[in-house]
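Sequential numbering from -3 applies to the sequence shown in my numbering.
This report concerns only the one structure given below.
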Amino acid sequence: MDNKSDEEACVFAFQLAAGSVLPMALYTAIELDLLELIKKAGPEASASASELAAQHPTTNPDAADMIDSILRLLASHSVLICSLKQLADGGVERRYSLAPVCKFLTRNEDGVSVGPLCLLLQDNITWVRVEHVSGDMFVSMTKADAIFMKWVCHGWRDSHCEKLLKNCYEALPENGKVIIAEVIVPDNPNGGQSSSWAAQGDMTMLAYTSGGGKERSEREFEALAKIVGFKQLIKVCSAYSNWIMEFHK
Ligand SMILES: C[S@@+](CC[C@H](N)C(=O)[O-])C[C@H]1O[C@@H](n2cnc3c(N)ncnc32)[C@H](O)[C@@H]1O
-3 MDNKSDEEAC VFAFQLAAGS VLPMALYTAI ELDLLELIKK AGPEASASAS
47 ELAAQHPTTN PDAADMIDSI LRLLASHSVL ICSLKQLADG GVERRYSLAP
97 VCKFLTRNED GVSVGPLCLL LQDNITWVRV EHVSGDMFVS MTKADAIFMK
147 WVCHGWRDSH CEKLLKNCYE ALPENGKVII AEVIVPDNPN GGQSSSWAAQ
197 GDMTMLAYTS GGGKERSERE FEALAKIVGF KQLIKVCSAY SNWIMEFHK
């Protein structure tokens, strides 16, 4: 190996070892609403760390520097675009604007974004305006015409999914349905970005769950539907590798 490729390999090794830093920085930026504040400034607007820090009720004298470190890291990974503004004293000020990926990291007109997923994976979030009804889905489900579950089955091995889907089945009326949102793993992993996303989700489930969590193929979802007694499984639509599927009673 020559010096250049040696250096590149070494930097790559450090990046792998510190791989959790980027999601943590993104987590903090989302929690501090930094991306939303830049977005609020208008299309293609930019903001400096001190302008963003001034919008927070903090007394920490290092707040602007800390925010600048976070935003600089995000810019180095193309999450933000950084431009330099020459200052009268000869120094430079970094100004940050949103890169295309921020369309999905900031809330859309329906208030939806990938942000909560980042918060969920890095920490626990508290949802507001949601009434929580306690219960154990492995014991019984609340009676309903339809039951919607997003990213629940992927947390559990087949025997657990059979149990909870059986409880859904019993809670539904004739012709009721369970609607699930889950990634479908393609049989062939050489399918580009969506199959690598599915495989990555599968690894995340393996690492984060103790209940045998995994992403499933279409065949595996069909087998679950059949074993529980649902008449059919319908794939309704998909967005970003996530499928809406219906188990019909
Ligand atoms: C991966 S999270 C679901 C993610 C969420 N639907 C979303 O879209 O972000 C799995 C959920 O299942 C819930 N859960 C785990 N075990 C349960 C049980 N035995 N009964 C009811 N809910 C349970 C957890 O509290 C957690 O909220």
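Don't be surprised by glycine CBs; every beta carbon is placed ideally from N, CA and C.
Next on the checklist: DSSP three-state label for Phe134, please.
Outcome noted: If you number the sequence shown from 1, residue 134 lands on position 138. Coil, per DSSP.
Item to check | Bridge partners - Ser109, DSSP secondary structure assignment | outcome: One-based indexing of the sequence shown puts residue 109 at position 113. Here Ser109 is not bridged, per DSSP, to any residue.
Checklist entry - Hey, how far is the Cα of Val179 from the Cα of Asn56? => result For the purposes of this step, residue 179 is identified with residue 183 of the sequence shown, where counting begins at 1. For the purposes of this step, residue 56 is identified with residue 60 of the sequence shown, where counting begins at 1. Distance from the CA of Val179 to the CA of Asn56, rounded to the nearest whole angstrom, comes to 42 Å.
Next on the checklist: Considering only DSSP beta bridges, list what Trp239 is partnered with.
Outcome noted: As a position in the sequence shown, residue 239 is number 243, starting the count at 1. As a beta-bridge residue in DSSP terms, Trp239 pairs with Glu178, Ser234.
Checklist entry - Bridge partners of Lys146, per DSSP? => result The count along the sequence shown starts at 1 and reaches residue 146 at position 150. Partner(s): Ala177.
Checklist entry - By Cβ distance, which residues of its chain are closer than 6 Å to Ala60, with the 5 residues on each side in sequence left out? => result Position 64 of the sequence shown holds residue 60. Around Ala60: Ala45, Ser46, Ala49.
Item to check | Backbone secondary structure at Lys222 - three-state DSSP | outcome: Position 226 of the sequence shown holds residue 222. Helix at Lys222.
Checklist entry - Heavy atom of ligand 1 less than 7 Å from the Cβ of Val148, yes or no? => result On the sequence shown, position 152 is the one that residue 148 refers to. In this structure, the C-beta of Val148 approaches ligand 1 to less than 7 Å from one of its heavy atoms.
Next on the checklist: Considering only DSSP beta bridges, list what Ala43 is partnered with.
Outcome noted: The residue given as residue 43 occupies position 47 in the sequence shown. For Ala43, which the question treats as bridged, DSSP gives the partners Tyr92.
Checklist entry - Does the distance from the CB of Asn104 to the CB of Ala177 come in under 8 Å? => result Walking along the sequence shown from the start, residue 104 turns up at place 108. Walking along the sequence shown from the start, residue 177 turns up at place 181. The Cβ-Cβ distance between Asn104 and Ala177 does not fall below 8 Å.
Next on the checklist: Classify His73: buried if its beta carbon has 16 or more other beta carbons within 10 angstroms, exposed otherwise.
Outcome noted: Position 77 of the sequence shown, counted from the first residue, corresponds to residue 73. Looking at its Cβ environment, which holds fewer than 16 other Cβ atoms inside 10 Å, His73 is exposed.
Item to check | As assigned by DSSP and simplified to three states, the class of Lys245 | outcome: On the sequence shown, position 249 is the one that residue 245 refers to. Note: Lys245 maps to coil in three-state DSSP.
Checklist entry - Which word fits Ile230, buried or exposed, when buried means at least 16 other C-beta atoms lie within 10 angstroms of its C-beta? => result On the sequence shown, position 234 is the one that residue 230 refers to. Ile230 comes out exposed.
Next on the checklist: For Leu67 and Arg212, what's the separation of their Cα atoms in angstroms?
Outcome noted: Stepping through the sequence shown from its first residue, residue 67 is reached at position 71. Stepping through the sequence shown from its first residue, residue 212 is reached at position 216. Each residue's Cα considered, the two are about 36 Å apart.
Next on the checklist: On a Cα-Cα basis, can you pick out the residue from Met241, Val135, Arg215 that is closest to Asn184?
Outcome noted: Mapped onto the sequence shown, residue 184 falls at position 188. For the residues Met241, Val135, Arg215, the minimum Cα distance to Asn184 belongs to Arg215.
Next on the checklist: By the three-class DSSP mapping on this structure, what secondary structure does Lys159 have?
Outcome noted: Counting from 1 along the sequence shown, the entry for residue 159 is found at position 163. Note: Lys159 maps to helix in three-state DSSP.
Checklist entry - Hey, would you say the C-beta of Asp132 is under 7 Å away from at least one heavy atom of ligand 1? => result If you number the sequence shown from 1, residue 132 lands on position 136. Annotation for Asp132 indicates a beta carbon within 7 Å of some heavy atom of ligand 1.
Item to check | Secondary structure of Gln118, DSSP reduced to three states | outcome: Here the question's residue 118 lines up with position 122 in the sequence shown. In the structure shown, Gln118 adopts helical secondary structure according to DSSP, grouped into three states.
Item to check | Buried/exposed call for Val135, threshold 16 Cβ in 10 Å | outcome: Working through the sequence shown from its first residue, we reach residue 135 at position 139. Under this definition Val135 is an exposed residue.
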